[in-house]
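Numbering (the working numbering) for the sequence shown: 39 to 218.
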Amino acid sequence: VYTYNTPCGPTSGGTQAYLVTLKVTDNNGCKVSFTMTHNVQCPNVAYNTAVAPVWAQVCGNSDALGAVEPGETWNVTISLINSGPVDATNVLATLTADQGGGAISVMNNPVNFGTITKTGGTKTGTYLVRVDMGHVCFFNVAYNVVNVSSTEQPFADNMSAFTKPVGVFLDENETVNQNG
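Pasting the structure below:
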């Protein structure tokens, strides 16, 4: 019995076929060769676009207007999905902000999603996001779900997975001091 490890690749979710050739020489010098296809099943984990991220303010002014403002800290819960034919174990993922010039920090990277079951299984994970006090520009920030991996393999990055308004956002009870 010969055992070998055929790894799953970074974008190889599903079943991957490998040709395996076994060459044998007996004690009399006779040679025999066998070729067969070996199918390896791999998980396929990605950001779950069917489930919107859930934002919950941890600290800030609780204005409930939907924007993440300077100095605030928020939890954002996202969902990952495994569309592969086998479970993905010990799934880790990192959240990054594509904009903000370093003013947006994700405090608890990477998040461990545990095991995500096969064929459409999902799991959620929560990140702690903080915006520096000096960040005053208002725009939609794109968030990336990157460095997604499991015990079995790494997976493709999910760039611009979702967006969220970030910056100074005034409601009817707030004003901007234009005199500095």
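C-beta atoms are modelled at their ideal positions from N, C-alpha and C, and glycine is treated no differently.
| task | Might you give, ordered along the chain, the residues of its own chain that have their beta carbon closer than 6 Å to the beta carbon of Val58, omitting 5 neighbours on each side? | result | Here the set comprises Met74 and His76.
| When the Cα of Asn185 is compared with those of Val179, Pro81 and Asp195, which residue comes out closest? | Nearest option by C-alpha distance: Asp195.
| Classification of Asn82 by the beta-carbon crowding that lies within 10 angstroms, buried from 16 upward | Within 10 angstroms of the beta-carbon of Asn82 lie 16 or more other beta-carbons, which makes it buried.
| request: Hey, could you find the ends of the beta strand (DSSP E) Ala199 is sitting in? | output: Boundaries of the beta strand (DSSP E) harbouring Ala199: Asn196 to Val204, taken from the DSSP string.
| request: Report buried or exposed for Gly140, applying the criterion of at least 16 other Cβ atoms within 10 angstroms of its Cβ. | output: Sixteen is the threshold: since fewer than 16 other Cβ atoms of the shown chains lie within 10 Å of the Cβ of Gly140, the residue is exposed.
| Which residue from Val70, Gly205, Thr162 and Gln79 puts its Cα closest to that of Gly122? | When only C-alpha atoms are compared, the closest one is Gln79.
| field | Simplified DSSP state of His76, which is helix, strand or coil | value | His76: strand per DSSP, three-state reduction.
| said: Let's see if you can read the secondary structure: which residues bound the beta strand (DSSP E) around Val167? | reply: For Val167, the enclosing beta strand (DSSP E) starts and ends at Gly159 to Val169.
| Backbone CA spacing between Val204 and Leu60 [nearest angstrom] | Between Val204 and Leu60, the C-alpha separation is close to 59 Å.
| task | Count the C-beta pairs between the stretch 91-98 and the stretch 143-160 that are closer than 8 Å, then say yes if the count reaches three, no if not. | result | Three or more beta-carbon pairs separated by less than 8 Å are not found between the stretch 91-98 and the stretch 143-160, which leaves the two stretches without contact.
| Is there a Cβ from chain D that is less than 8 Å from the Cβ of Pro203? | In the structure shown, chain D does not exist; there is a single protein chain.
| said: Quick check on this structure: which residue in His173, Val62, Thr87 and Ile154 has the alpha carbon closest to the alpha carbon of Asn182? | reply: Measuring from the Cα of Asn182, the nearest candidate turns out to be Thr87.
| By Cβ distance, which residues of its chain are closer than 8 Å to Asn128, with the 5 residues on each side in sequence left out? | Scanning its chain for C-beta atoms nearer than 8 Å, with the 5 sequence neighbours on each side dropped, one finds around Asn128 the residues Asn150, Gly152, Thr153, Ser188 and Thr189, in chain order.
| message | What does DSSP give as the partner residue(s) for Pro192 in the beta ladder? | response | Answer by DSSP bridge pairing, in chain order: Ser187.
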